[in-house]
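Number of protein chains: 2
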Amino acid sequence: MTTAQGARARARQEVTAAIKEAARRQLAAEGAAKLSLRAVARELGMVSSALYRYFPSRDDLLTALIIDAYDSVGEAAERARDAVADAPPPARWIAVCEAVRDWALAHPHEYALIYGSPVPGYSAPETTVPAAARVGMVFIGIVRDAHEGPGLSGLSLPADLRPEGARMVADFAADVPPEAAVALVAAWAQLFGLIGFELFGQFNRVVEDRETFFRHAAGRLAEGVGLGRG
Amino acid sequence: MTTAQGARARARQEVTAAIKEAARRQLAAEGAAKLSLRAVARELGMVSSALYRYFPSRDDLLTALIIDAYDSVGEAAERARDAVADAPPPARWIAVCEAVRDWALAHPHEYALIYGSPVPGYSAPETTVPAAARVGMVFIGIVRDAHEGPGLSGLSLPADLRPEGARMVADFAADVPPEAAVALVAAWAQLFGLIGFELFGQFNRVVEDRETFFRHAAGRLAEGVGLGRG
DNA sequence: CAAAAAAGAGAGCACCGCTCTTGCTTCGGA
DNA sequence: TCCGAAGCAAGAGCGGTGCTCTCTTTTTTG
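Written out as structure tokens, the structure is:
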């Protein structure tokens, strides 16, 4: 299908990849705000208008980078999960949390791009949704495994939240009980609150030993989703 | 001092205020990325270069707006705190959390400006620090009051975090025990994770009843800082 | 082989932040 | 009171941006 086409099609893929690579380099160096189509073209030795044959607008280029960033952090989370597959659930949870944090510290501009404020006018195209879900799936998987295994502990859902619990979380977490799904989504958001605050300088004169602090907070998050004490 | 100066000084203050107001309107309408010095000048009927007499650069204008935004959300939190001054600590905590969330939903671009990714090359000037601390003080106050009153419940700090606890959190929270300070900072960051995810669309196909979900999560945050169950 | 599709190059438009120079108005000290 | 200094608005201009349009060349396809 996509292979063994004309040399022109392969050239197109190569140019597209080169554009993304140069753009990614600029993004990592200067941030999304400074990413310039003209500068990318300059770096590749072409004229700016030629770039529009590959990406119809700057935002489309940015969208491609967003998807790549989601995939990158998702892959980092999956690698961490697989590396500690035999550890007890709380340890696995914490390991994945730390992997996400490490990825964020290593790729601050990419992190800002996907979990910070939407950059241009905003808009998150539908195409980013599956990539965005990848990290979440890792956390869901850990909780689901714990649920099927030794079970979850210490979770409860107040009465007024009961009827909401089911339809609060989409069907992707249908195989975990509603109280766990609710706690999971909250923990998921809170994890990125911790990472974002550290990354964007909100902890600057507040938290000294951020590594220790984060591990402690991640452990409490694990408790919060019923994984027990690590 | 600042009053009864020459008419020129007052005129300067008025023009400065008008610039900030127009800029704030643009920010609220289009977001920080679209905020243009030239458009602000156009709206005020002056030429763009004249604006540089009042703000030496676009980033300085943005910094002024950042400080205002911090003050605005801080004031909203303080108002909520004062409105429920006689309620038990968990209820006060939740009320302030909801006030911050309401403010964020009402001022999404301002929220993105201060708690989203740093906009330009970045840089958070020192002048923003006191304004930024204002919201945090409200939360600290609630926990401190609870500590002096019926006391905190259910908090513990693992042994390996003990020595960190004291120097992890700056002196502004010196009058709460270290385990509470650690939990407080974590809850603070996590609160903004919840709000940010909702605001920036991360909950789009995930959380349905966000109001109920948030109140539930805020309640668990209150438990996490030792305020007990609301 | 000729028509069609794709790709690159260049000029140009409207916008941006920012600087510099030029006049005009207001203020403060001799 | 007057006059120089300081503050202020205006305009032109520089280099940068995203994006569109036209034109030419190259490659694919019927």
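Residue numbers (the numbering used here), protein chains in the order written: chain B, 1 to 230; chain L, 1001 to 1230. C-beta: ideal position from N, C-alpha, C; glycine also. Predicted model, so just to flag it, every value in this text is computed and none were measured.
At a cut-off of 7 Å, the C-beta of G1116(L) has a neighbouring C-beta in chain B. Under the three-state reduction of DSSP, Y52(B) is assigned to coil, being neither helix nor strand. Look at G45(B) here: in three-state DSSP terms it is coil, with no helix or strand label.
For the segment 46-131 of chain B, the continuous alpha helix (DSSP H) assignments of 4+ residues that do not extend past its boundaries occur at 48-51, 58-83, 89-106, 108-115, in sequence order.
The residues H109, in chain order, have a CB closer than 6 Å to that of A28(B) in the same chain once the five nearest residues on each side in sequence are set aside. DSSP, read as helix, strand or coil, puts L227(B) in coil. Put simply, the segment 1096-1111 of chain L does not touch the segment 93-103 of chain B. Fewer than three CB pairs are less than 8 Å apart. CA-to-CA, the gap between E78(B) and Q202(B) works out to about 28 Å. For R1024(L), the closest of A1186(L), Q1013(L), L1037(L) by C-alpha to C-alpha distance is L1037(L). Taking all protein chains shown into account, Q1013(L) has fewer than 16 neighbouring C-beta atoms within 10 Å of its C-beta and is therefore exposed.
A146(B) places its beta carbon 7 Å or farther from that of L221(B). Counting other Cβ atoms within 10 Å of its Cβ, A83(B) stays below 16 and is therefore classed as exposed. Q1190(L) sits in a helix when the DSSP states are folded into three classes.
When C-alpha distances from D1059(L) are compared across E1179(L), R1210(L), L1113(L), the shortest belongs to L1113(L).
Rounded to the nearest whole angstrom, the CA to CA distance from R42(B) to S48(B) is 7 Å. For L1061(L), no Cβ of chain B is located within less than 7 Å of the residue's own Cβ. Rounded to whole angstroms, F213(B) and V207(B) show a C-alpha spacing of 8 Å.
Of the other Cβ atoms in all chains shown, 16 or more fall within 10 Å of the Cβ of P1118(L); this residue is therefore buried.
Neighbours of L1191(L) across chain B, judged by C-beta separation under 9 Å: Q190, G193. Shown here, G201(B) sits in coil according to DSSP, grouped into three states, outside any helix or strand. Scanning V182(B), P89(B), L65(B), R10(B) for the CA closest to the CA of A22(B) turns up L65(B). Here I1067(L) is not near T1016(L), since their CB atoms are 7 Å or more apart. Between the segment 1129-1136 of chain L and the segment 129-136 of chain B there are fewer than three inter-stretch CB-CB distances shorter than 8 Å, so the stretches are not counted as touching.
Taking a C-beta distance under 7 Å as the contact criterion, W93(B) and I142(B) qualify as a contact pair. For Q190(B) against G1193(L), the beta-carbon gap comes to about 5 Å, under 8 Å, which counts as contact.
Considering only L62(B), R215(B), I19(B), R205(B), the residue with the shortest C-alpha distance to R53(B) is I19(B). For V1207(L), the three-state secondary structure derived from DSSP is coil. Only exposed fits A9(B), as fewer than 16 other CB atoms lie within 10 angstroms of its CB.
Within the same chain, Cβ atoms closer than 8 Å to the Cβ of A69(B) are found at H107, E110, Y111, L113, I114, the five residues on either side in sequence being excluded. With respect to the 7 Å criterion, A1217(L) and A186(B) are classified as neighbours on the basis of their beta carbons. Scanning chain L for C-beta atoms nearer than 9 Å to the C-beta of G196(B) yields Y1115, G1116, S1117, A1189, F1192, G1193, G1196, reported in chain order. The alpha-carbon of G224(B) is positioned some 11 Å away from that of E179(B). Using beta-carbon distances, A1112(L) counts as an interface residue toward chain B, with a partner under 7 Å. Residues of the same chain with a CB within less than 6 Å of the CB of E1198(L), apart from the 5 flanking positions on each side, are R1210 in chain order.
Of the candidates R1205(L), P1177(L), I1140(L), V1176(L), the residue whose Cα lies closest to the Cα of G1074(L) is I1140(L). For K20(B), the enclosing alpha helix (DSSP H) covers residues 7-30.
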